[in-house]
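Asker: Can you read through this structure? Questions will come right after.
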Amino acid sequence: MMKDSLPDLKFELIADGIGQGLILLEQNDCGEAHSVAIHPLHLRYLAEQFGLLPASDPPPQKTIAMLTRRLLVLHERINHLADWLVTYSDFKHADLSYEQTYARATADIADEFCAELIDTESTGAENAFMGCFETPADKDDTDNPAPPAQASLI
Numbered sequence: 000m001m002k003d004s005l006p007d008l009k010f011e012l013i014a015d016g017i018g019q020g021l022i023l024l025e026q027n028d029c030g031e032a033h034s035v036a037i038h039p040l041h042l043r044y045l046a047e048q049f050g051l052l053p054a055s056d057p058p059p060q061k062t063i064a065m066l067t068r069r070l071l072v073l074h075e076r077i078n079h080l081a082d083w084l085v086t087y088s089d090f091k092h093a094d095l096s097y098e099q100t101y102a103r104a105t106a107d108i109a110d111e112f113c114a115e116l117i118d119t120e121s122t123g124a125e126n127a128f129m130g131c132f133e134t135p136a137d138k139d140d141t142d143n144p145a146p147p148a149q150a151s152l153i
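Pasting the structure below:
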């Protein structure tokens, strides 16, 4: 049990039998004692509000930026898979029309999600979204030979 004091304010950590306990604040004013019991979360909240501690939750802008980056990476991978299935699949030995259709539809959904990202207000990050709409037709692949088909499966 911790007991400490500051001028005109005593504080004590008391067990509540449930969790972390409570913080009992007691002040004597003109001979009358006034006390308030607060939970440690209340103290953390007050410290964050007054700038004594950094906020425990990331700011919304940081979360949005993180989710945007993740969605753009996912979008790129989905489009790569859809393009690969169309371009390099082994049509002689397998009917992959369902897989190709499903991958292309998923890529279209990812395109729509990226379109919504560019419509939102941003702080100059719009250029980062422009790569989201690049298609294989926009790239010059003459320098890069096609990857070999899955020879081990043939």
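Per numbering that gives the first Met the number 0, the sequence shown starts with residue 0, numbered consecutively. Beta carbons are placed, not taken as given, at the ideal position from N, Cα and C, and that holds for glycine. None of the values given here were measured: they were computed from a predicted structure.
Between which two residues does the alpha helix (DSSP H) holding Lys61 run?
Answerer: Run containing Lys61: Pro59 to Tyr87, per the alpha helix (DSSP H) assignment.
Asker: Would you kindly work out how many angstroms separate the C-alpha atoms of Tyr101 and Val85, rounded to a whole number?
Answerer: Cα-Cα distance, rounded: 11 Å.
Asker: Does the stretch 21-32 come close enough to the stretch 75-91 that 3 or more CB-CB pairs lie under 8 Å?
Answerer: Touching, no.
Asker: Within this structure, are the beta carbons of Leu24 and Ala14 separated by less than 9 Å?
Answerer: No, these two residues do not count as a Cβ contact at 9 Å.
Asker: Which one or two residues does DSSP pair with Ile17 in a beta bridge?
Answerer: Partner(s): none; Ile17 has no beta bridge.
Asker: Helix, strand or coil: how does DSSP classify His92 here?
Answerer: Here His92 sits in coil by DSSP.
Asker: Please state whether DSSP places His33 in a helix, a strand or coil.
Answerer: His33: strand per DSSP, three-state reduction.
Asker: Would you tell me roughly how many angstroms separate the C-alpha atoms of Glu11 and Asp56, rounded to the nearest one?
Answerer: Whole-angstrom Cα-Cα distance: 27 Å.
Asker: For Phe112, collect the residues of the same chain with a Cβ closer than 8 Å to its Cβ; drop the 5 residues on either side in sequence, then sort them by chain order.
Answerer: Within the same chain, Phe112 has close Cβ partners Leu70 and His74.
Asker: Short of 6 Å in beta carbon distance, which residues of its chain neighbour Trp83, apart from the five on each side in sequence? Order them along the chain.
Answerer: Answer for Trp83: no residue qualifies.
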